[in-house]
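Chains as they are written, first to last, in this note's numbering: chain U, 19 to 505; chain E, 20 to 181.
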């Protein structure tokens, strides 16, 4: 059944016999090939008093997280190691409908149900028989397996999972979705995998990885009003491209990052996927601790989870204080220019949605632009809050009322048009979207021209009917007040 | 093996379009790459190879973007680089990927052969192109047909032991 690699294949005879079941199932058969040579006894005798501590004192956050997960004091980039998984998250598309038949074929149980989280977010609300069938499989399987952590139609997994306290600094997690690096915002090592690899995790609790290098994205200064984390990410994509992350660990740091709210950090970590990184990390701090405490996570330890001064890695410098709103042109998130560089671009649809761009802070940004105003004639403004909790919080703050008064159409809190799974956008339309990807046809219409921007930019563009700079609109009331003062 | 040339940045939505995802692998395979080469799914033959530009497989975690190529009988994809997530998925579902910096030299429709363990692609004119080495355990996985058959035999072996 398998592939033939060459005409004459020598089956690999030297399979080592690892100790645990999990290792036996998952560990690469030649794990030591790329391992660094362990310290010799002589080195240990001659080395300074605390060699381990000294080495660890130059470790990156990614190395520390992986070392903990594979039960070692330290790991080096390029090593292939097997890690124990603290949390495995999957959704109705990547999860039960794929896992259930494969688990049945194997006759194997889930390794630890308490470490599994299922979120039903892709095919809800069900629009046809096929989506009904897929969601039914997920619900039935969750009930049959008595899964303790299931979030059905509560919103998008990358937002719902941390909002229920499942992600904490120091954890090692996998998700059955490419935007799983979102968890890196909390100082957790979290990356996306496919359904078959998830099967391996679900039966063994373990997964292999090659220890990555770290690429530091250092942001000095603070963003000005009307510019957001989405603009920071588009700027990084514009400079480094969709393979800038090289499937290594990216760490976002500097004042421009530490000044961001938790949800803005999630936006950065989320789009590490577009940057081609395995993970996108932000070292946890008091902002992380306070947010987690407010979302039901147990008291967390943040002190160990940071890169040490002098930790190895490439460093790229950016200035948040001078950053203008950024827009990605069709059909790539890396096809980026400043909003002020863009020729006049008329839009038909403004979409505020997805894990990337419809969290509470994103809705707040949109409402700051739209409150007391009305969208342009002929423009459709669609708002799909990332989770029910974010929608409820926005409701309480009066934001939803402001958005609706401005002319927004409210959509369900699910993946929706972002992935072209549910409702899709019209052919031939010009779209400005707060989502993460604008690949040709992704939103369900091959002839649509999809531009990506921040929620500020999407809201400003809805007001003017063309892609616009929110900073101009945010400055208006002040100008009016100043004129009034002069009159 | 006949080469199908594709550009850089082939994404998972082109390989397995989102709208087909609810219908299963047969339907996704029928629409595989239709935006780039409408004749591909119809004309591709078992044992053909895809020769693509850099960053093959960017985008979603959906492994159907690799499974469709197994389903259509592709022997391998040859490209200078891949999305990291696609790279893992491919081997897990039994699709061989070769990292070949000079893949762009290969012509569309050219008859080529390769030796994955040696990391060599042989062109129609007899010249060879070197590939980056792939870890042995991943080649073993592809040979076994992916992770699922591997898990199956490992679990069976384990049950046989006392």
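Cβ coordinates follow ideal geometry from the N, Cα and C atoms, glycine included.
Residue range of the alpha helix (DSSP H) that includes residue i
i, result
"residue 44(E)", "44 to 49"
"residue 176(U)", "175 to 181"
"residue 404(U)", "Run containing residue 404(U): none; DSSP gives neither H nor E here."
"residue 418(U)", "417 to 423"
"residue 85(U)", "79 to 88"
"residue 306(U)", "304 to 312"
"residue 159(U)", "147 to 162"
"residue 183(E)", "Outside the displayed range of chain E (20 to 181) lies residue 183(E), so it cannot be described from this structure."
"residue 93(E)", "Segment: none, residue 93(E) is in no alpha helix (DSSP H) and carries neither H nor E."
"residue 166(E)", "166 to 179"
"residue 112(E)", "Segment: none, residue 112(E) is in no alpha helix (DSSP H) and carries neither H nor E."
"residue 456(U)", "No alpha helix (DSSP H) holds residue 456(U); DSSP gives it neither H nor E."
"residue 157(E)", "155 to 163"
"residue 123(U)", "114 to 124"
"residue 34(E)", "31 to 34"
"residue 280(U)", "280 to 288"
"residue 96(U)", "No alpha helix (DSSP H) holds residue 96(U); DSSP gives it neither H nor E."
Environment of residue i [buried if 16+ CB atoms lie within 10 Å]
i, result
"residue 50(E)", "buried"
"residue 471(U)", "buried"
"residue 151(E)", "exposed"
"residue 173(U)", "buried"
"residue 263(U)", "buried"
"residue 118(E)", "buried"
"residue 487(U)", "buried"
"residue 459(U)", "buried"
"residue 83(U)", "buried"
"residue 179(E)", "exposed"
"residue 403(U)", "buried"
Simplified DSSP assignment, three categories, for residue i
i, result
"residue 102(U)", "strand"
"residue 387(U)", "helix"
"residue 62(E)", "helix"
"residue 171(U)", "coil"
"residue 109(U)", "strand"
"residue 44(U)", "helix"
"residue 363(U)", "coil"
"residue 136(U)", "strand"
"residue 482(U)", "helix"
"residue 22(E)", "strand"
"residue 142(U)", "coil"
"residue 492(U)", "helix"
"residue 379(U)", "helix"
"residue 411(U)", "helix"
"residue 227(U)", "strand"
"residue 38(E)", "helix"
"residue 487(U)", "coil"
Bridge partners - residue i, DSSP secondary structure assignment
i, result
"residue 232(U)", "267(U)"
"residue 345(U)", "355(U)"
"residue 433(U)", "Per DSSP, none; premise fails for residue 433(U)."
"residue 132(E)", "141(E)"
"residue 509(U)", "The question about residue 509(U) has no answer here: the residues shown for chain U are numbered 19 through 505."
"residue 470(U)", "346(U), 451(U)"
"residue 118(E)", "98(E)"
"residue 208(U)", "191(U)"
"residue 298(U)", "268(U)"
"residue 427(U)", "400(U)"
"residue 238(U)", "337(U)"
"residue 75(E)", "101(E)"
"residue 70(E)", "24(E), 97(E)"
"residue 443(U)", "Answer is none; residue 443(U) lacks a bridge partner."
Where the beta strand (DSSP E) through residue i begins and ends
i, result
"residue 369(U)", "367 to 370"
"residue 217(U)", "Per DSSP, residue 217(U) belongs to no beta strand (DSSP E); it is in the alpha helix (DSSP H), 213 to 222."
"residue 337(U)", "332 to 337"
"residue 262(U)", "From DSSP, residue 262(U) is part of no beta strand (DSSP E); its letter is neither H nor E."
"residue 147(E)", "147 to 149"
"residue 275(U)", "Unbroken run through residue 275(U) is the alpha helix (DSSP H), 273 to 276; no beta strand (DSSP E)."
> Using a beta-carbon distance cut-off of less than 8 Å, what residues from the segment 448 to 461 of chain U approach chain E?
Replying inline: 455, 457, 458, 459, 460
>> So if I threshold CB-CB distances at 9 Å, which residues from the segment 140 to 153 of chain U count as touching chain E?
In response: 140, 141, 146, 148, 149, 151, 152
> Along the segment 43 to 74 of chain E, what residues have a CB closer than 8 Å to any CB found in chain U?
Replying inline: 54, 73, 74
> If you measure beta-carbon to beta-carbon, which residues of the segment 180 to 214 of chain U are closer than 9 Å to chain E?
Replying inline: 193, 194, 195, 196, 197, 198, 209, 210, 211, 212, 213, 214
>> Along the segment 248 to 276 of chain U, where does the CB come closer than 7 Å to a CB of chain E? Name the residues.
In response: 260, 261, 265
>> Please list, in chain order, the residues of the segment 429 to 446 of chain U that have any C-beta partner in chain E closer than 9 Å.
In response: 437, 438, 439, 442
>> Taking beta-carbon pairs under 7 Å, can you tell me which members of the segment 131 to 146 of chain E lie near chain U?
In response: 134, 135, 136
>> Against chain E, which members of the segment 120 to 136 of chain U pass a CB distance test of less than 8 Å?
In response: 120, 123, 124, 125, 126
> Between the segment 149 to 168 of chain E and chain U, which residues of the former have CB atoms less than 9 Å from a CB of the latter, in chain order?
Replying inline: 154, 155, 156, 157, 158, 159, 160, 161, 162, 163, 164, 165, 166, 167, 168
>> Closer than 7 Å between beta carbons: that is the criterion. Which residues of the segment 105 to 119 of chain U meet it against chain E?
In response: 111, 112
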